[in-house]
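I have placed the structure first, in the form of structure tokens, so that the comments after it can refer back to it.
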Amino acid sequence: MAMEIHGGNKYRIGRKIGSGSFGDIYLGTNIISGEEVAIKLESHKAEHPQLEYEARVYKSLAGGVGIPFVH
Numbered sequence: 001m002a003m004e005i006h007g008g009n010k011y012r013i014g015r016k017i018g019s020g021s022f023g024d025i026y027l028g029t030n031i032i033s034g035e036e037v038a039i040k041l042e043s044h045k046a047e048h049p050q051l052e053y054e055a056r057v058y059k060s061l062a063g064g065v066g067i068p069f070v071h
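Structure follows, in structure tokens:
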């Protein structure tokens with residue numbers, strides 16, 4: 001069952017494709033362009049949030065081979 005993520009309702013979340021110690025990863029679709037993306041979600045109750053830091057690291061490494069693009 002897909003659900004809409006908040007933030008302008010830009011992405012639809014599909015099935016869970018992975019998980020780790022800092023969050024779960026879902027297959028997602030940009031509802032405007034149809035582009036498939038991976039969406040990582042972290043609990044808002046996390047004692048030591050990592051998602052924002054991880055996004056900053058990916059953005060600083062942007063353009064490198066094998067580095068994912070962060071929206």
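If you number the sequence shown the way full-length UniProt numbering does, the last residue is 71 and the count never jumps.
All C-beta atoms in this analysis are idealised placements derived from N, C-alpha and C, irrespective of residue type, glycine included.
Check, Outcome
"Stretch-stretch touch, CB-based, cutoff 8 Å, three pairs: the region 48–62 with the region 30–39", "no"
"Residue range of the unbroken beta strand (DSSP E) whose run includes residue 73", "One cannot answer for residue 73 here, as it falls past the ends of the chain, which runs 1 to 71."
"Rounded straight-line distance, which links the Cα of K59 to that of E47", "23 Å"
"Beta-bridge pairing of L27 - partner residues as DSSP gives them", "A38"
"Start-to-end residues for the alpha helix (DSSP H) that takes in A55", "L51 to S60"
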